[in-house]
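A short write-up of the structure that comes next.
Numbering (UniProt numbering), first residue to last: 1 to 717.
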């Protein structure tokens, strides 16, 4: 997942921080953020100072532009606006980051009080007639191709920000947008609080039978934080099951106690759907606002507005892609369910499988079919070893060097690491990045993401800095952080996002890195990197047992690769279900003031899933991607991008993953196109520059085991 940044057409956020003692971290902007000086009480004065300066600076800039006796230049408008917006972007970016990784009641209060003001000044800038007229007056022949694309996108963005609306309508539009941003923040806070609130105390060994040691240690650690259970141990208990990612997944896959699985599953799918943290009314209102503001701008629906700035041609084209992949996946998914149901019955399960049974029996079936479990792999993936392997791969393929720089800069938590990325040939530093690897229930939001801390900018003299955030299991006692294979894939995924941010050669900030990249292309580098987890040379270079140093056995690697397609169709349907629901919620046929979003959720699940949902399923109430993230009417981007990312990786397969020279040459071409060109060139042109043709879905279907050859082989079994 990726988080974006500000621009002239920003409707809402970006980021801020705070300070300590005589230093206000939000205003210390020479270099990376001063996390050591961050204090919540400094947030308001720091942001207020930036707002005041931006407001005054905007008035001065507008006066200069309207007083010009010539056509405006790129420097007059875009570069001047970049300089003007940078201090608030830095400050508010720091606040937004801390809201995600060090959330607290005091920080929420400060954020909530300042958010309307930050949105208002962003709207004022995005709706500046002087800026808009100046942008349109720039001589196109004076611009290079990247600048021309930036100016075009900025004009379109300002139009979507309501600059063309009559004054009264624009005021209403702005009020609605401010409300929407506030609701999105509340949505995320509710999910965080609901996740934190659930605690299932388990006292009997039978209740945790089957759970791996790593999960038991984490659950005992959770119990030790509770009054009266300070002496909890992994072997004796008590244990507390929470809804954080590592614990939830472990319970669903390994807990033999069906009652425990059921309780945890029901709690997870109904998060933030009742009481003070009920997101249902927030969902309705956000959808109402999106529909209304889109209509004010002349769009048929929010989906149509969203796709106006993306690669996909239309909402119908997106649904066509979804239905194409659904048609390829439906029969295989039904067969997968039949097979796991038969397997469960043969191994003592009575009756039909429930939604909390499928993950458990799927894991059991995979263990029998391929002779290993996820937990058997975990000792081979200590975080430090995985990082070393990831970095060696990156250095080998993209001709860079990664250097640990822990202690050089302040961090927000003692577990956070810091690194530099250098060009190997020249030795020049290209970028830097933070890595926050571990779960912190209650203060850190779930999932994994990359977000820009600082973007490349010639005007501001800045090199890129990235935040890479995961939610893996932390070290416990003398045992290091041990990753599941899924955790490894997630780390590779987020690092792919980071590489696009850090390896950009575009020096114009509005199009550097991930900025200005069409949203349905932004997942290409991240999903591309995941494929290397199934490359023998890559994985075997770092899959070392944390105690013995033994390399992952060849036979076990072969099983991992063979298991890649296990229940791939079921997983495909799950992603298509999310994408279809997202598009339909934002279609003209859905009226949030009249229709029930949860009823639509249920209808879509019944259409795409192979098991009917539970009556209380409210996963939409925790679907932050589309309600509080950047994926509204855009969740399809994962599959849209995956078509291109799989095709891109196929170029490496064709060149030869074991041929060092061919790998380096193909990697250099990937770096010089997809990683380098950022948002300065249309993604379809960037992809053609790398691949020499348009993308096809062939590689995606092959990697998913859904191509005709794989299905024919399965039918023979």
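For glycine and all other residues, C-beta sits at the position ideal for the given N, C-alpha and C.
What three-state label does DSSP hand residue i in the structure shown?
i	result
residue 724	Nothing in the structure corresponds to residue 724, since the chain is present only between 1 and 717.
residue 92	helix
residue 19	Its pLDDT being 38, under 50, residue 19 is placed unreliably in this model, and the value from its coordinates should be taken loosely. Coil, per DSSP.
residue 239	strand
residue 459	coil
residue 189	helix
residue 483	coil
residue 522	coil
residue 87	helix
residue 544	strand
residue 166	coil
residue 247	helix
residue 433	strand
residue 354	coil
residue 414	coil
residue 138	coil
residue 553	coil
residue 212	coil
residue 726	Nothing can be reported for residue 726: it is not among the residues displayed for the chain, which extend from 1 to 717.
residue 393	helix
residue 201	strand
residue 597	helix
residue 703	helix
Which same chain residues, not among the five before or five after residue i, have their C-beta less than 7 Å away from its C-beta?
i	result
residue 646	699, 700 and 703
residue 300	588
residue 489	530 and 533
residue 117	51
residue 189	108
residue 545	379 and 380
residue 590	584 and 600
residue 71	137, 138 and 139
residue 165	173 and 296
residue 247	215, 218, 219 and 241
residue 99	107 and 111
residue 542	385, 386, 388 and 389
residue 233	220
Which residue comes first and which comes last in the alpha helix (DSSP H) that contains residue i?
i	result
residue 289	280 to 296
residue 366	358 to 370
residue 124	105 to 126
residue 58	43 to 66
residue 263	258 to 269
residue 725	The displayed coordinates of the chain run from 1 to 717. Any statement about residue 725 would go beyond what the structure contains.
residue 324	315 to 346
residue 508	That residue, residue 508, is in no alpha helix (DSSP H); it is neither H nor E in DSSP.
residue 649	637 to 655
Could you check where the beta strand (DSSP E) with residue i kicks off and where it finishes?
i	result
residue 422	417 to 423
residue 428	Per DSSP, residue 428 belongs to no beta strand (DSSP E) and is neither H nor E.
residue 472	465 to 472
residue 451	449 to 454
residue 404	400 to 404
residue 153	Where residue 153 is concerned, there is no enclosing beta strand (DSSP E), although the alpha helix (DSSP H) it sits in stretches over 145 to 160.
For residue i and residue j, which I take to be in contact (beta-carbon distance under 8 Å), what is that distance rounded to the nearest angstrom?
i	j	result
residue 451	residue 523	Not quite, the Cβ-Cβ distance comes to about 15 Å (not below 8 Å), so this is no contact.
residue 347	residue 328	Contact doesn't hold; Cβ gap of about 30 Å is too wide.
residue 260	residue 207	5 Å
residue 223	residue 249	Wrong, their Cβ atoms sit about 19 Å apart, outside the cutoff.
residue 394	residue 678	Actually they do not touch by this definition, with Cβ atoms about 18 Å apart.
residue 537	residue 657	7 Å
Any heavy atom of the ligand NAD closer than 8 Å to the CB of residue i?
i	result
residue 654	Among the ligands in the structure shown, none appear at all, so the ligand NAD cannot be discussed.
Suppose the cutoff is 6 Å on Cβ atoms and the five residues either side in sequence are ignored; what does the same chain contact list for residue i look like?
i	result
residue 305	294 and 299
residue 367	373
residue 717	Legend: pLDDT at residue 717 = 45, less than 50; position of this residue unreliable, value from coordinates given subsequently. No residues qualify anywhere along the chain.
residue 7	Below a pLDDT of 50, predicted positions are generally treated as unreliable, and residue 7, at 42, falls in that range; no measurement from the model is reported.
Spatial neighbours of residue i within its chain, please: C-beta separation below 8 Å, excluding the five flanking residues on both sides.
i	result
residue 148	140
residue 662	655 and 656
Report yes or no: do three or more beta-carbon pairs, one from the segment 609 to 618 and one from the segment 659 to 673, lie closer than 8 Å?
no
Should the segment 397 to 407 be regarded as contacting the segment 26 to 43, the criterion being three or more beta carbon pairs within less than 8 Å?
no
Any contact of the segment 130 to 139 with the segment 65 to 80, i.e. 3+ C-beta pairs under 8 Å?
yes
Counting pairs of Cβ atoms below 8 Å between the segment 467 to 485 and the segment 503 to 514, do you hit three or more?
no
Hey, is the segment 561 to 571 in contact with the segment 676 to 688, meaning 3+ C-beta pairs nearer than 8 Å?
no
Kindly confirm or deny that the segment 494 to 501 and the segment 472 to 481 touch, where touching means at least three C-beta pairs closer than 8 Å.
Judged by Cβ distances under 8 Å, the segment 494 to 501 makes no contact with the segment 472 to 481, as fewer than three pairs qualify.
Three or more C-beta pairs below 8 Å linking the segment 189 to 198 and the segment 264 to 273
yes
Would you say the segment 573 to 584 touches the segment 627 to 641, given that touching needs at least three Cβ pairs under 8 Å?
yes
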